[in-house]
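Here's the structure, in structure tokens; my notes come after.
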Amino acid sequence: MGLSFFQRLNDWLTFMMSAMVTSIGVMTLSEKIALAGLLVGMVFGARGWLYRARIERGQKRRNELINQILEQAEHRQMSESERRALDLLQQNEPEDETAY
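The following block contains the structure:
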């Protein structure tokens with residue numbers, strides 16, 4: 009009877025973790041600090057990349073919303089609140105809630 013995919017995956021993960029723990033155990037302190045710095049750098053790099061991707065998606069959605077509002081405004085008059093909302097979107101600034 010053969011091993012299932014998850015059993016093989018578990019065996020490989022167990023082997024890799026034991027090899028990593030053993031290799032870290034025989035490292036000097038400076039090598040451990042360098043490895044920790046590398047891992048922290050990789051984590052922050054991944055976080056930055058994800059943040060940038062999220063910001064780009066948000067900008068794209070914002071621009072699509074502005075275009076949709078402008079297309080609707082071609083067919084009818086915009087109210088004052090709609091004009092103010094469009095101005096705020098185009099300025100890319102949050103609305104001042106103290107003005108109410």
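Positions in the sequence shown are counted from 1; adding 8 to them yields the working numbering. All C-beta atoms, glycine included, are put in the ideal place defined by N, C-alpha and C.
- In the displayed model, Q76 falls within a helix according to three-state DSSP.
- Counting only the Cα atoms, R62 lies some 29 Å from A81.
- Assigned with DSSP and collapsed to three states, L11 falls in coil, not helix or strand.
- Taking the C-beta atoms as reference points, Q98 is found nearer than 8 Å to I74.
- The Cβ atoms of I77 and L94 lie closer than 8 Å to each other.
- Just so you know, the alpha carbons of L58 and D19 end up roughly 31 Å apart.
- C-alpha of L37 to C-alpha of L17: approximately 31 Å in a straight line.
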